[in-house]
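See below for the structure under consideration.
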Amino acid sequence: MFTRPDSESILEIRGLVKRFPNGVTALDHVDLVMKRGEIHAILGENGAGKTTLMNILFGILQPDEGEIYLNGEKVVFRSPLDAINKGIGMVHQHRRLIAAHTVLENIILGHPNTGKFIDKKKSRKEVEELCRRFGFKIDLDARVWQLSAGEKQLVEIVRALYRGAKILILDEPTSVLTPPEIDAFLDSIKAVSKEKVTLVPFVTHKLPEVFSISHRVTILRRGKVVKSLSIAEASIPKLAEYMVGRELSFELERVPTEPGAEILRVEKLSALNDKGLVAFKDVDFVLRQGEIFGVAGVTGNGQQELAETIMGLRKPVGGKIYFDGKDITKTSVLDRLKMGLAYIPPERIGVAAVGDLSLVDNVLLMYYFEKEMSRGGMINYKLAKQYTEKVISEFNVVAPGPTTKAAHLSGGNLQKLILGRVLLKTPKIIIANLPTQGLDIAAENYVRRKLLECKQKGISVVLISENLDEILQLSDRVAPIFEGRFVDILENINLRKEAIGAMIAGGFAERGVNRA
Amino acid sequence: MIEISPTLWPFTTRFLEVSTILVLAAVGELLTQRSGVINVGIEGLMLFGAATSFLTAQAFGPLWGFATGTLVGAFLGLFHAMLSVSLRVNQIISGMGVWLFATGFVTYWADRYTGPLKATIPRISGLTPAFFIALAVVIIIWFVLTRTHFGLKIRSVGENPAAAEVSGVNVTWTRYFCTTVGGALGGFSGAVLMLSYLGAWSHLPTKGLGWLAFGLVMFSLWRPGILLVGALAFGFVWQFAISPESIFPGFPAPLPVNRMLPFLLTIIILTIISTERFRRRWALMKPEALGQPYIKE
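Top to bottom, those sequences are chains A and B.
For the first sequence, this note's numbering gives the first residue as 21, with consecutive numbering after it.
For the second sequence, this note's numbering gives the first residue as 962, with consecutive numbering after it.
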């Protein structure tokens, strides 16, 4: 299935050390050898030194000690341009593309051999030729903002290849992709590696995908290479263990619960998306006390809008929402919060938390309306601070202190804080939208465990996720959503992942039964 | 029956001259903004350009006036680039600072020489030669922005400097360049106002033309072509407000009311393009990183 990588090495790293001014040793004598045409995954948790290594390879940072050899020749990269000129390309996790420009403009931007004037015909021919060789399909005249996450990634890959990249660094390549896009991405990766281009994906989570394509895996932990092994010798639990340094309890136990009283009822609910098109239509379901209701689906099938509508952030165009038997369709967001609805949005910075505000202020955002938090219109900061400290200690948030800015927290710690500020006041319903997206394994596990613990406290959870393992692991009932409709609502007993996978991909759309 | 006034041609040359002044200042600002830097101090640039050119022209002749006016504009542009790109000062505040400084300094510096110019510049059948320069500048800037790699780099820096940087574009240099050239055009525009249009120094001669040029950039959706058309329209309104009788003999409204027209029009147009329908389009055209300093990781 794979082409075999050559035995000759293309990139060699010897004794790389990087210390930061704050005394942290991000890389501690790292040695690595990459072969031509190899897919060499680098695994590590947040803070393992992956980003530092990546930035050194791409010339953004300079190492304190150690050498990099390219084709046996010692090289020093002082800037990204040096690295690009030596044939190193980078595909960023947060896409470095210009949204308002066309795909072609993005690909040719900064290319050295283009002369002064833009010769669109010539560059178009060259890029088209390149795409044909690799079997890529992209519309070169589309504007980048119109593209999906997967297409944007492909543009970045093509841009790097067009500049003659022989080594392609991929930062968390699958973290923002939907399942079908991941398949397409894996195919393109294989096509690229066939052309003797070395690929270096850096990964913190989504191990199975890496597993399916790599030839070799190197695991980083706390700035050191823990292990470098060929894929034949590896297994997923073993890799995870190397990454985290202890055996992980992957097994979460879902205690089946007796269905409690009805707490939320959604009847024939419909709403539009931001573009004014139908996001979801005639959605019916009932949420019972102490259950986890899993909404499984590929992002963009209306689940985001559904969550927003239930929270009151989006106006429905039809239908009713009942909370505890009371019609709350027209109730304000604030009143819903006071009633005990809580929302965990997928955008941690920007929607869930304000990056430039301190942790105290961010916790206050969910509490400012509580009586004890204010004294005659003034914020009771003493209490707010105590409360934040409680969230930090009870939910194991690693943060210098309650006055730290939210933007300085890692994704996992921020999510713990967001979860903690909601759970500490015991809401009645939590709507968790992609709660583990982009988290490392340990944090992901933590969030899932906390959601399961909610059940014991009688808190109901609407879990929106595109990770089917997560859905099946946590949910009591599963509603696969496709193009704004629930394909079905199923009890999570002996459910097969493949069956749900087919439903969210539209395979069962013709059935279209909506059972409450 | 409409009677064509004998003053129509002189009126036309006058309004084209106002358009020239607007276009020069605005297209410079357009270039600056396309690179992601906002310079609200155009009025100040023009005041400095006008004062410097006036004083130099009195001493050495109009040609030197144009040269020093442009140079002082370029220097102020460079200064703004230093503040906003290197020191990452709030760009609005820094631009406002240039404008406020200019009103004070220029009054102190040039008001004591209030009076007409000694020498005037030659005209082409009544039209200022600067009109043709302005046309050429618009075409050049349009060409550079849309047809060259350098233009692509400028646009990229204005949209997403981080993305430009990883493609090997020098963000700092590009922004310095555009802001300096934009400043030079602002200064030149002030020189044209003084040496060609007014021909005499009086207290704060720009009278809001710089602000009009600033509004024009927004109105143009950052496109040189639309900017040119907009400048022609605003130039007409400006001149009409000054001498409506040259088109409509006996135009009723008194002068101060007329002088409000261009600004009233600006507010109306900006209100219209802020409506939902236009805003979508506007937001799409606006350089994404406009006014944001770029901080390397």
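We treat Cβ as the ideally placed atom computed from N, Cα and C, and that holds for glycine.
Would you kindly check if the distance between the Cβ of residue j and the Cβ of residue i is under 8 Å?
{"i": "A291(A)", "j": "F300(A)", "result": "yes"}
{"i": "P13(A)", "j": "F205(A)", "result": "With chain A running from 21 to 536 in the structure shown, residue 13(A) is simply not present."}
{"i": "I479(A)", "j": "K445(A)", "result": "no"}
{"i": "L515(A)", "j": "L492(A)", "result": "yes"}
{"i": "A986(B)", "j": "G1147(B)", "result": "yes"}
{"i": "G623(A)", "j": "D51(A)", "result": "No answer is possible for residue 623(A): the residues shown for chain A start at 21 and end at 536."}
{"i": "F1212(B)", "j": "P1205(B)", "result": "yes"}
{"i": "A1161(B)", "j": "G1026(B)", "result": "no"}
{"i": "R505(A)", "j": "E490(A)", "result": "no"}
{"i": "I1229(B)", "j": "W1243(B)", "result": "no"}
{"i": "T72(A)", "j": "L47(A)", "result": "yes"}
{"i": "S250(A)", "j": "R236(A)", "result": "yes"}
{"i": "Q1052(B)", "j": "I1101(B)", "result": "no"}
{"i": "K425(A)", "j": "L377(A)", "result": "yes"}
{"i": "A180(A)", "j": "V111(A)", "result": "yes"}
{"i": "L259(A)", "j": "L284(A)", "result": "no"}
{"i": "I513(A)", "j": "A499(A)", "result": "no"}
According to DSSP, is residue i helix, strand or coil?
{"i": "V96(A)", "result": "coil"}
{"i": "L117(A)", "result": "coil"}
{"i": "A529(A)", "result": "Low confidence applies here, because A529(A) scores a pLDDT of 42, under 50, leaving its location unreliable; read the following figure in that light. Three-state result, A529(A): coil."}
{"i": "V13(A)", "result": "Limits of chain A in this structure are 21 at one end and 536 at the other, which puts residue 13(A) out of reach."}
{"i": "I1256(B)", "result": "coil"}
{"i": "S232(A)", "result": "helix"}
{"i": "E278(A)", "result": "coil"}
{"i": "P1223(B)", "result": "helix"}
{"i": "E149(A)", "result": "helix"}
{"i": "V481(A)", "result": "strand"}
{"i": "M962(B)", "result": "Low per-residue confidence applies at M962(B): pLDDT is 45, beneath 50, and the placement is therefore not dependable, though the value from the model is reported in the following sentence. DSSP places M962(B) in coil when its eight states are reduced to three."}
{"i": "G441(A)", "result": "Reading off the sequence, residue 441(A) comes out as Arg, not Gly. Three-state DSSP puts R441(A) in a helix."}
{"i": "F506(A)", "result": "strand"}
{"i": "F343(A)", "result": "strand"}
{"i": "E511(A)", "result": "strand"}
{"i": "F22(A)", "result": "For F22(A), the predicted structure reports a pLDDT of 47, less than 50, and the residue's modelled location is therefore unreliable. A value from the coordinates is still provided. Reduced to three states, the DSSP call for F22(A) is coil."}
{"i": "K106(A)", "result": "coil"}
{"i": "N534(A)", "result": "Note on N534(A): pLDDT 40, under 50, position unreliable in the model; the coordinate value appears next. DSSP places N534(A) in coil when its eight states are reduced to three."}
{"i": "A169(A)", "result": "helix"}
{"i": "S1181(B)", "result": "coil"}
{"i": "S1128(B)", "result": "coil"}
{"i": "A519(A)", "result": "helix"}
Could you work out which residue in the options is closest to residue i when comparing CA atoms only?
{"i": "L31(A)", "options": "A103(A), T71(A) and V123(A)", "result": "A103(A)"}
{"i": "K1079(B)", "options": "L1106(B), Y1069(B), F1149(B) and M1155(B)", "result": "M1155(B)"}
{"i": "L1113(B)", "options": "P967(B), R1240(B) and S996(B)", "result": "S996(B)"}
{"i": "G1151(B)", "options": "I1054(B), G1010(B) and A1174(B)", "result": "G1010(B)"}
{"i": "F1138(B)", "options": "S1047(B), T1236(B) and S1235(B)", "result": "S1047(B)"}
{"i": "A452(A)", "options": "L117(A), L439(A), G375(A) and I364(A)", "result": "I364(A)"}
{"i": "A120(A)", "options": "V1153(B), Q1019(B), S1117(B) and T1167(B)", "result": "S1117(B)"}
{"i": "S413(A)", "options": "L174(A), Q309(A) and L437(A)", "result": "L437(A)"}
{"i": "V1218(B)", "options": "W1183(B), V1198(B), I1208(B) and N1131(B)", "result": "V1198(B)"}
{"i": "L1088(B)", "options": "L977(B), V1132(B), L1251(B) and E1249(B)", "result": "L977(B)"}
{"i": "I256(A)", "options": "Q457(A), L471(A), I33(A) and L227(A)", "result": "L227(A)"}
{"i": "L454(A)", "options": "E261(A), V411(A), I158(A) and G317(A)", "result": "G317(A)"}
{"i": "H114(A)", "options": "L197(A), K335(A) and Q476(A)", "result": "L197(A)"}
{"i": "P1090(B)", "options": "L1251(B), T974(B) and P1215(B)", "result": "T974(B)"}
{"i": "F137(A)", "options": "E1237(B), T1107(B), A1095(B) and P1210(B)", "result": "T1107(B)"}
{"i": "T1167(B)", "options": "L983(B), F972(B) and W970(B)", "result": "L983(B)"}
{"i": "T1031(B)", "options": "R1238(B), G1144(B) and G1186(B)", "result": "G1144(B)"}
{"i": "T1068(B)", "options": "F1015(B), S1086(B) and F1040(B)", "result": "F1015(B)"}
Across which residues does DSSP place residue i in a beta bridge pair?
{"i": "A291(A)", "result": "F300(A) and P336(A)"}
{"i": "K140(A)", "result": "Bridge partners of K140(A): none, in fact."}
{"i": "L361(A)", "result": "I449(A)"}
{"i": "V223(A)", "result": "L63(A)"}
Kindly list, in the order they appear in chain D, the residues whose Cβ is closer than 7 Å to that of residue i.
{"i": "R116(A)", "result": "This model lacks chain D altogether, as its protein chains are A and B."}
Point to revise | Three CB pairs or more closer than 8 Å across the stretch 279 to 290 of chain A and the stretch 336 to 348 of chain A | key: The answer is yes - the stretch 336 to 348 of chain A touches the stretch 279 to 290 of chain A, with three or more Cβ pairs under 8 Å.
Check your understanding: Would the stretch 459 to 475 of chain A and the stretch 424 to 441 of chain A be scored as touching if the rule is three or more Cβ pairs under 8 Å?
Key -> Flag = yes, the stretch 459 to 475 of chain A and the stretch 424 to 441 of chain A touch.
Check your understanding: Pairing CB atoms from the stretch 1119 to 1137 of chain B with CB atoms from the stretch 1003 to 1014 of chain B, are three or more of them under 8 Å?
Key -> Not touching, per the Cβ criterion.
Point to revise | At least three beta-carbon pairs within less than 8 Å, the stretch 124 to 136 of chain A to the stretch 1245 to 1256 of chain B | key: They do not touch, by the three-pair rule.
Check your understanding: Would you call the stretch 308 to 320 of chain A and the stretch 346 to 359 of chain A touching, i.e. three or more CB-CB distances under 8 Å?
Key -> In short, these stretches do not touch, since the Cβ pair count stays below three.
Review point. Hey, is the stretch 1168 to 1185 of chain B in contact with the stretch 1030 to 1037 of chain B, meaning 3+ C-beta pairs nearer than 8 Å?
Key: Touching, no, given that fewer than three Cβ pairs across the two stretches are closer than 8 Å.
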